[in-house]
Amino acid sequence: MRNKKITPPDFPLFCLGGASADLDSYTGILGRLPADLGIAVVIVNHLTLVAGLLKEVLPRCTLMPVELVEEGTLVRPNHIFIIEEERDLHVLDGIFHLRTISKPKGWPDVITVFLLSLTHNWRGKLVAVILSGYDGDGASALRGIKEVGGITIARQADTAGQPDMPLTAIASGSVDYVLSIENIARQIERVALAAEAEASIKSRMLLHLADRK
Numbered sequence: 015m016r017n018k019k020i021t022p023p024d025f026p027l028f029c030l031g032g033a034s035a036d037l038d039s040y041t042g043i044l045g046r047l048p049a050d051l052g053i054a055v056v057i058v059n060h061l062t063l064v065a066g067l068l069k070e071v072l073p074r075c076t077l078m079p080v081e082l083v084e085e086g087t088l089v090r091p092n093h094i095f096i097i098e099e100e101r102d103l104h105v106l107d108g109i110f111h112l113r114t115i116s117k118p119k120g121w122p123d124v125i126t127v128f129l130l131s132l133t134h135n136w137r138g139k140l141v142a143v144i145l146s147g148y149d150g151d152g153a154s155a156l157r158g159i160k161e162v163g164g165i166t167i168a169r170q171a172d173t174a175g176q177p178d179m180p181l182t183a184i185a186s187g188s189v190d191y192v193l194s195i196e197n198i199a200r201q202i203e204r205v206a207l208a209a210e211a212e213a214s215i216k217s218r219m220l221l222h223l224a225d226r227k
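Per our numbering, the very first residue in the sequence shown carries number 15; after that it's consecutive.
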């Protein structure tokens, strides 16, 4: 018997990449988003030792379930996922996979690693958001996000606690929008609603074609 081919999910996935000092960014964005947008939100934290804190704090500002990613966790819409500390995160066939961190010393590149995995393995709309933090994690992967039709956003550097990451992202030339936290939330909602409308049109077209056969 042949193995059944796995069809990866195609709902929108939003990656919020930031650092430990970025709690205001996460709460400011998620607190403004409806809980039923049909999107998955993945928080990839540039620094360590904050995943447990985020798991405790974020449910206070959103009705979406908040999960710490474990090996084999299923990516689901209307959920918020937080990367485990000191691990690289990948996705394949709609499932999260944790790997030993590839850069254990110096400034990590966990955001870059995850974004690169998404460009190769996610069928749905992608949005990469670079928030606040030291160094330039995530910037080198933004071009790939755009090449697969995704959208890239950086937080306005003058509003960031540590502007290195958004400034490096902007300097890469691969950022579509430079926005405040409030406008990042608005843009995420716009993209989610547009993806929902596109999926609805596609579904109606497929039904119409099926009826004509």
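Note that beta-carbon positions come from the ideal geometry of N, C-alpha and C, so glycine has one too. Treat the numbers as computed from the prediction; the structure is a model and nothing was measured.
Please classify residue i as buried or exposed, where buried requires at least 16 other C-beta atoms within 10 Å of its C-beta.
i	result
residue 31	buried
residue 45	exposed
residue 209	buried
residue 77	exposed
residue 16	Note that residue 16 scores a pLDDT of 49, beneath 50, so its modelled location is shaky; the value from the coordinates is reported in the next line. By the neighbour-count rule (16 or more Cβ atoms within 10 Å), residue 16 is not buried but exposed.
residue 79	exposed
residue 85	exposed
residue 183	buried
residue 57	buried
residue 215	exposed
residue 98	buried
residue 68	buried
residue 116	exposed
With distances taken from CA atoms, which of the options is nearest residue i?
i	options	result
residue 24	168, 94, 135	135
residue 28	144, 87, 170	144
residue 118	204, 161, 213, 100	100
residue 91	183, 193, 48, 133	48
residue 65	76, 77, 40	40
residue 38	213, 212, 207, 199	199
residue 142	86, 169, 80	169
residue 133	165, 112, 148	165
residue 148	137, 167, 176, 26	176
residue 121	87, 179, 114	179
Is the beta carbon of residue i sitting closer than 8 Å to the one on residue j?
i	j	result
residue 213	residue 51	no
residue 129	residue 162	no
residue 33	residue 194	no
residue 54	residue 95	yes
residue 173	residue 152	no
residue 112	residue 83	yes
Alpha helix (DSSP H) segments (min. 4 residues) lying fully within the region 26 to 100: Runs of the alpha helix (DSSP H) spanning 4 or more residues and lying entirely within the region 26 to 100 occur at 37 to 44, 65 to 71, in chain order.
Sufficient close CB pairs (3 or more, under 8 Å) joining the region 104 to 124 to the region 70 to 77: No, they do not touch.
Between the region 181 to 191 and the region 150 to 169, do three or more beta carbon pairs fall short of 8 Å? Enough Cβ pairs lie closer than 8 Å, so yes.
What are the start and end residues of each continuous alpha helix (DSSP H) run of 4 or more residues lying completely inside the region 115 to 141, in chain order? For the alpha helix (DSSP H) assignment, the uninterrupted runs of no fewer than 4 residues enclosed by the region 115 to 141 are, from N- to C-terminal side, 124 to 135.
Please go through the region 174 to 198 and give each complete alpha helix (DSSP H) segment of 4 or more residues, from N-terminal end onward. Runs of the alpha helix (DSSP H) inside the region 174 to 198: 178 to 185.
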